[in-house]
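Numbering (the UniProt record's numbering), first residue to last: 452 to 734.
We put the beta carbon where it would ideally sit given N, CA and C, even for glycine.
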Amino acid sequence: TAKRAGRNTHFFFNEGMREEAEQHLQLHNDILRGLNADEFELHYQPILNIKTNQIEKCEALIRWMHPEKGRVMPDAFIPVAERSGAIVNIGNWVLQQACKDMRVLLDADIDVKISVNRSVSEFHSENAYETWENIFKENGVDSHRFVFEITESLFMDQNSARVNVISSLRDIGVQFAIDDFGTGYSAINYLRTYPVDYLKIDKSFIQDLLIDEQDKTLVEVIIKMGRALGILVIAEGVEEPGQLEVLQQFECDYIQGYWLSKPQPLSQTVSICHEHMSKQNTL
Ligand code: C2E
Ligand code: MG
Ligand code: MG
Ligand code: MG
Numbered sequence: 452t453a454k455r456a457g458r459n460t461h462f463f464f465n466e467g468m469r470e471e472a473e474q475h476l477q478l479h480n481d482i483l484r485g486l487n488a489d490e491f492e493l494h495y496q497p498i499l500n501i502k503t504n505q506i507e508k509c510e511a512l513i514r515w516m517h518p519e520k521g522r523v524m525p526d527a528f529i530p531v532a533e534r535s536g537a538i539v540n541i542g543n544w545v546l547q548q549a550c551k552d553m554r555v556l557l558d559a560d561i562d563v564k565i566s567v568n569r570s571v572s573e574f575h576s577e578n579a580y581e582t583w584e585n586i587f588k589e590n591g592v593d594s595h596r597f598v599f600e601i602t603e604s605l606f607m608d609q610n611s612a613r614v615n616v617i618s619s620l621r622d623i624g625v626q627f628a629i630d631d632f633g634t635g636y637s638a639i640n641y642l643r644t645y646p647v648d649y650l651k652i653d654k655s656f657i658q659d660l661l662i663d664e665q666d667k668t669l670v671e672v673i674i675k676m677g678r679a680l681g682i683l684v685i686a687e688g689v690e691e692p693g694q695l696e697v698l699q700q701f702e703c704d705y706i707q708g709y710w711l712s713k714p715q716p717l718s719q720t721v722s723i724c725h726e727h728m729s730k731q732n733t734l
């Protein structure tokens with residue numbers, strides 16, 4: 452019967468699926484190889500508090516400096532890593548690197564939090580909390596200095612292991628931001644159960660802010676909702692001064708986007724932050 456079952460499974464695979472599975476396995480192995488070979492890098496994009504005009508946070512965004520493919524952007528490997536399980540290795544590397552980079556920023560007198568992206572599947576592992584807490588400890592970095600960016604889907608089912616990981620992290624001062632807010636399930640009742648610190652309005656809403664009345668209304672409503680619930684709001688993908696003006700008018704808390712800076716390697720981020728600080732001092 453084993454033979455029969457084996458033969459039967461062939462019904463479920465066509466050539467295209469087999470090829471895709473093979474490609475995913477190759478990419479999975481290549482990611483693990485690349486992590487070992489130190490091919491990944493974190494770039495940082497500043498997040499500006501537009502009420503105080505201070506750069507308060509920097510978002511860490513991963514890049515893969517591949518020996519053959521050149522620079523590979525996260526959208527080309529994160530989704531596969533999420534399915535293959537390599538995301539756990541990536542996520543641990545990211546936190547480790549972000550801790551090292553945090554020390555560099557603090558040594559340069561830059562007082563910011565680092566915001567790191569976390570995939571839902573990273574919360575499935577039972578010992579996620581212990582692993583991350585250990586990374587903070589080993590690097591001697593204060594966990595209060597970190598924000599975890601997650602998506603709404605993390606809250607979509609009541610998984611107790613996941614809830615425990617989140618509340619343990621909150622207990623040691625890690626803050627949480629809902630990334631790509633507005634593009635997910637829009638079942639916002641999770642906001643009543645799970646305290647989050649920030650909502651990041653997805654850049655697709657900001658893109659047409661000046662030309663689409665509906666998007667403008669939605670942005671205004673999200674900002675008002677955040678204020679009513681005591682959740683700070685970050686607008687992603689701000690590229691033009693006109694967008695900033697509207698967001699200021701709506702009393703949004705933070706902006707992030709090419710208008711202020713593209714994501715840059717750590718050394719450039721240090722310069723950008725210093726420049727911003729010196730401009731403020733002369734005001
Ligand atoms: P995200 O977390 O929503 O990050 C914002 C994305 O928007 C980044 O793309 C950033 O470069 C881009 N962006 C920033 N400002 C602007 C702007 O003004 N205009 C436009 N058009 N785009 C802007 P990136 O770096 O390619 O990252 C894509 C996604 O990959 C991220 O979306 C995040 O979901 C994921 N990602 C990145 N790094 C990591 C990581 O370390 N771990 C995990 N799990 N996911 C990551
Ligand atoms: Mg993000
Ligand atoms: Mg986003
Ligand atoms: Mg995202």
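Span separating the alpha-carbon of residue i from that of residue j
i	j	result
residue 711	residue 486	31 angstroms
residue 641	residue 728	37 angstroms
residue 586	residue 672	38 angstroms
residue 507	residue 705	9 angstroms
residue 690	residue 465	44 angstroms
residue 701	residue 628	20 angstroms
residue 453	residue 575	Annotation note: pLDDT 45 at residue 453 (below 50); position unreliable, no value reported.
residue 635	residue 538	21 angstroms
residue 555	residue 467	47 angstroms
residue 632	residue 490	31 angstroms
residue 703	residue 501	8 angstroms
residue 646	residue 469	43 angstroms
residue 657	residue 529	24 angstroms
residue 525	residue 605	20 angstroms
residue 584	residue 594	8 angstroms
residue 722	residue 471	43 angstroms
residue 504	residue 475	44 angstroms
residue 677	residue 652	11 angstroms
residue 680	residue 488	45 angstroms
residue 725	residue 562	11 angstroms
residue 731	residue 577	45 angstroms
residue 478	residue 527	10 angstroms
residue 616	residue 663	39 angstroms
residue 495	residue 596	15 angstroms
N-terminal and C-terminal residue of the alpha helix (DSSP H) that residue i is part of
i	result
residue 530	529 to 535
residue 599	Segment 597 to 601 is the beta strand (DSSP E) holding residue 599; no alpha helix (DSSP H) there.
residue 559	Per DSSP, residue 559 belongs to no alpha helix (DSSP H) and is neither H nor E.
residue 645	Neither: residue 645 is in no alpha helix (DSSP H) and is coded neither H nor E.
residue 776	The requested residue 776 does not occur in the structure, where the chain is confined to residues 452 to 734.
Which listed residue (the options) has its alpha carbon closest to that of residue i
i	options	result
residue 566	547, 575, 644	547
residue 688	713, 664, 530, 679	713
residue 511	498, 686, 530, 581	498
residue 720	608, 552, 647, 615	552
residue 655	649, 479, 469, 667	667
residue 533	559, 503, 568	568
residue 559	731, 717, 730	717
residue 650	659, 660, 515, 675	675
residue 515	541, 509, 536	541
residue 572	664, 612, 693, 591	612
residue 619	581, 564, 493	581
residue 535	570, 682, 564, 513	570
residue 639	709, 588, 682, 473	682
residue 609	644, 623, 579	644
Start and end residues, beta strand (DSSP E) containing residue i
i	result
residue 497	491 to 500
residue 630	626 to 632
residue 476	Element bounds for residue 476: not the beta strand (DSSP E) but the alpha helix (DSSP H), 466 to 487.
residue 681	Segment: none, residue 681 is in no beta strand (DSSP E) and carries neither H nor E.
Residue i, DSSP secondary structure in three states
i	result
residue 454	With a pLDDT of only 47 at residue 454, under the threshold of 50, the placement of this residue in the model should not be trusted; the figure read from the coordinates follows. Note: residue 454 maps to helix in three-state DSSP.
residue 724	helix
residue 512	strand
residue 713	coil
residue 567	strand
residue 589	helix
residue 507	strand
residue 662	coil
residue 520	coil
residue 617	helix
residue 706	strand
residue 623	coil
residue 737	For residue 737 there is no data in the structure shown, the boundaries of the chain being 452 and 734.
residue 652	strand
residue 639	coil
residue 609	coil
**Request:** Determine contact between the region 691 to 701 and the region 470 to 483, defined as no fewer than three beta-carbon pairs at a distance below 8 angstroms.
**Result:** The answer is no - the region 470 to 483 does not touch the region 691 to 701, with fewer than three Cβ pairs under 8 angstroms.
**Prompt:** Counting pairs of Cβ atoms below 8 angstroms between the region 546 to 560 and the region 520 to 529, do you hit three or more?
**Reply:** no
**Message:** Three or more C-beta pairs under 8 angstroms: does that hold for the region 619 to 627 against the region 592 to 600?
**Reply:** yes
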